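Undergrad: In this note's numbering, the protein residues as written are 19 to 790.
From the three backbone atoms N, C-alpha and C, an ideal C-beta is built for every residue, glycine too.
Keep in mind it's a predicted model, so treat the numbers as computed, not measured.
Have a look at the structure that comes next, please.
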């Protein structure tokens, strides 16, 4: 059955054509910041074709290719935009490698291969990856419309419509803590109990800790620590106390993380504004103005970085000056989490909006709706299966606790501690998720019935719809966040005109389960009407959503992607940690929350008398995080064909190997590795351009079999994977689809860019379903 179309433009939803699902009208366009044609500089198809020539002839061609690469990448390295992009990510690499490659050619001087490799690695990232980062990965918002025009995409005169430099939250937090320690600031600090702590009658309850019974006077003081009173006000309220005596009374609780007392604020886009507001409340002129002067200096440094846009040398100088000012003012390093990806390592970052207006009409929606709806049906089933597995796990842990203690209630924090290994995905899917994955793959194998040895498998929506419904019966989501599933979609077409003529293929990338990927801060900050987005989220969750407020110390927390930026005062919040990221509404301390059974259901109740609430709803963030990246409908195999359902590719053609099987990667020289790689590709009949992923890397990388430098990058990754002794070693190679000539997004000059669409599918079923 297909849902009737909703023509109410006020609604944030449209029916997904050919399915029972709805989809947000708002979509995000993610695209590369450099034209995809620039990636062609790395390719040498003639050299690849000559791999079988006698050694002497090939060696001459090899030398000529290295000279060509050096000349071509010299142009790239000298490009101010490229230097600026690398300067944002790794300013030291600009001096140590990029500028060496970019120097004018001189007789007798050769460019080191490792420097060419670094430039090539950045170039492939900026041209064929759709990362949302800085001006070299700008995003934009588009709309799904009722129009009969397949697609309208109008770009402005430049690549960017706007660009903004933001402080990392950790940088402002560091400043806030240092300012809190300055002379004269103490009376104006506002002590507050840490988010997970609860004062219950005459006891203090903390996550993972035994209850304590402070003296009555201390307990009364702790009850007053709600963030609304300064230390001076607390001292005055107690009558006989001084600020210093109040601090001494709180000292054990400050040292133990029970009480927080500094000027730091929540994770947000503009943390410096919150700090300025808090400093403005300081009643003593000297410490207030001194602290504001320090903040002013860092803001001037940030503004200098902003003003340096388009001038890489000035950018590096401004960044270095900001780093020096930060170190001098705070006494802390200006970089953290060295070497980690997505860690917010530096003091500031830049986000940008692509200068493009995008509307996607009914013909494109109709082409993808049917097959995407079938994938969503199986995603819904998967979330429910995993959810029930977690309920079984949590129930068994509660029963174990009851048998051991004789109590029928288990502190929520203790339950999470007992379940930690089954909620962690660092070493692969935990057991409750792995079971759902195995069942999902078995069901899709029965549905698709792929012939042995097939290179392409192309069932129609109609031919498998009944089988999908049998294998994945509709059950309503068990928690509110599971109403949302977010696919990444690419469109392979030879230009916008081809899309308009209907000459395109849609390609599904990741399908993010039980998650709204449009909640990330870089997207929300760039939307013209954030209130409309927030209202859409509120309507979808209908008052059910719970959000676990994370710790600022979590490696997952950063200024851009987590925590979510679409959080409503109407959601419910709870906290487990001492240093939390903040919330727009009241936060329940985890120490007050307990798990029990009520009418056969696992629920959470509060020591305040509130509740009960469904356990999976309260643990929505933990369970969603465990399954968000687990949607793998096709079981791993030595070879997987390209599988298309109607106009949607749901599985790229893929090959899997043990690292040692890629013998070409272990040849003694780069030239031998290149030649052996051509034999390997031919033996497996692979396309020239692929993406490869080894088990030791988080993201796939471009493996262009006609590119000396991209093959060298892949060879190094394979050798590292072969040397790894922990876990299953694997190398996966997938076709590049869309390929370089299958792009539809262009700039004002007509240069093509890779792109993908991020969408949010909404389950029409909103109530808790029956058990599977």
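Quick one, are the C-beta atoms of residue 700 and residue 733 less than 9 Å apart?
TA: No, Cβ-Cβ distance for residue 700 and residue 733 is not below 9 Å.
Undergrad: Just mark residue 598 as buried or exposed, buried being the case when its beta carbon has 16 or more other beta carbons within 10 Å.
TA: By the 10 Å Cβ count, residue 598 comes out buried.
Undergrad: Measuring alpha carbon to alpha carbon, tell me which of 299, 753 and 661 ends up nearest residue 468.
TA: Per the Cα distances, 661.
Undergrad: Since residue 664 contacts residue 389 with CB under 8 Å, what's their CB separation in whole angstroms?
TA: Sure, about 5 Å apart at Cβ, within 8 Å.
Undergrad: Cα-Cα, which of 525, 540, 287 and 189 is closest to residue 773?
TA: Out of 525, 540, 287 and 189, 525 has the C-alpha closest to the C-alpha of residue 773.
Undergrad: Which of the three DSSP states is assigned to residue 270 in this structure?
TA: Reduced to three states, the DSSP call for residue 270 is helix.
Undergrad: Looking only at its own chain, which residues have a Cβ that is under 6 Å from the Cβ of residue 311, when we skip the five neighbours before and after it?
TA: Hits under 6 Å: none found.
Undergrad: Over what stretch of residues does the beta strand (DSSP E) that includes residue 185 continue unbroken?
TA: Its beta strand (DSSP E) spans residues 169–185.
Undergrad: Between residue 97 and residue 728, what straight-line distance do the alpha-carbon atoms span, to the nearest angstrom?
TA: Cα to Cα, the separation comes out at about 21 Å.
Undergrad: Note down the Cα distance separating residue 706 from residue 724, rounded to an integer number of angstroms.
TA: Going from the Cα of residue 706 to the Cα of residue 724 covers about 7 Å.
Undergrad: Sort 253, 447, 277 and 104 by Cα distance to residue 330 and report the nearest one.
TA: Per the Cα distances, 104.
Undergrad: What does DSSP give as the partner residue(s) for residue 566 in the beta ladder?
TA: DSSP, once it has assigned bridges, lists 592 as partnering residue 566.
Undergrad: Between the segment 462–476 and the segment 601–613, do at least 3 Cβ pairs fall closer than 8 Å?
TA: In short, these stretches do not touch, since the Cβ pair count stays below three.
Undergrad: Going by DSSP, name the residue or residues bridged to residue 505.
TA: Beta-bridge pairing links residue 505 to 529.
Undergrad: When you compare only the Cα positions, how much space is there between residue 72 and residue 78?
TA: About 10 Å.
Undergrad: Taking the alpha-carbon of residue 792 as reference, which of 38, 37, 341 and 43 has the nearest alpha-carbon?
TA: This structure cannot settle anything about residue 792, because the visible part of the chain is limited to 19 through 790.
Undergrad: Kindly indicate the opening and closing residues of the beta strand (DSSP E) around residue 158.
TA: Start and end: 157–162.
Undergrad: Can you tell me which of 400, 392 and 436 puts its alpha carbon nearest to the alpha carbon of residue 411?
TA: When only C-alpha atoms are compared, the closest one is 436.
Undergrad: Using the Cα positions of residue 491 and residue 514, report the straight-line distance between them to the nearest angstrom.
TA: Approximately 38 Å, taken between the alpha carbons.
Undergrad: Nearest to residue 489 by alpha carbon, out of 342, 686, 347 and 651?
TA: That would be 651, whose Cα lies nearest to the Cα of residue 489.
Undergrad: According to the neighbour-count rule (16 or more other Cβ atoms, all chains shown, within 10 Å of its Cβ), is residue 74 buried or exposed?
TA: Flag for residue 74 reads exposed.
Undergrad: Taking 9 Å as the cut-off, decide whether the C-beta atoms of residue 588 and residue 556 are in contact.
TA: Yes, the Cβ-Cβ distance between residue 588 and residue 556 is below 9 Å.
Undergrad: Quick check: the segment 211–231 against the segment 179–198, are there 3 or more CB pairs under 8 Å?
TA: The segment 211–231 vs the segment 179–198: no contact.
Undergrad: Leaving out five residues before and five after residue 552 in sequence, what residues of the same chain have Cβ atoms less than 7 Å from its Cβ?
TA: Counting only Cβ-Cβ distances below 7 Å, and skipping sequence neighbours, we find 584 and 586.
Undergrad: Going by DSSP, what residue range makes up the alpha helix (DSSP H) through residue 367?
TA: That residue, residue 367, is in no alpha helix (DSSP H); its beta strand (DSSP E) goes 366–378.
Undergrad: For residue 598, does the three-state DSSP call read helix, strand or coil?
TA: Strand.
Undergrad: What are the partner residues of residue 278, as DSSP defines its beta bridges?
TA: 210, per the DSSP bridge assignment.
Undergrad: Considering only residues of the segment 659–721, which uninterrupted beta strand (DSSP E) runs meet the minimum length of 3 residues and lie entirely inside it, listed in chain order?
TA: 660–663, 666–669, 672–675 and 707–712, all fully within the segment 659–721.
Undergrad: Hey, which unbroken runs of the alpha helix (DSSP H) at 4 residues or more fall wholly within the segment 303–367?
TA: Those alpha helix (DSSP H) runs which fall completely within the segment 303–367 and span 4+ residues are 303–325 and 330–348.
Undergrad: Going by C-alpha to C-alpha distance, which of 510, 502 and 548 sits closest to residue 535?
TA: Ranking the options by Cα distance to residue 535, first place goes to 502.
Undergrad: CB-CB under 6 Å to residue 428, same chain, minus the five flanking residues each way: which ones, in chain order?
TA: Correct list, in chain order: 416, 419 and 613.
Undergrad: By the three-class DSSP mapping on this structure, what secondary structure does residue 42 have?
TA: Reduced to three states, the DSSP call for residue 42 is strand.
Undergrad: Which residue wins for smallest C-alpha separation from residue 145, given the options 58, 486, 245 and 507?
TA: The residue with the shortest Cα to Cα distance from residue 145 is 58.
Undergrad: Counting pairs of beta carbons, one from the segment 259–267 and one from the segment 221–229, are three or more of them closer than 8 Å?
TA: Too few Cβ pairs lie closer than 8 Å, so no.
Undergrad: Assign residue 757 to one of three DSSP states: helix, strand, or coil.
TA: DSSP places residue 757 in coil when its eight states are reduced to three.
Undergrad: Is the beta carbon of residue 738 less than 9 Å from the beta carbon of residue 714?
TA: Yes, the Cβ-Cβ distance between residue 738 and residue 714 is below 9 Å.
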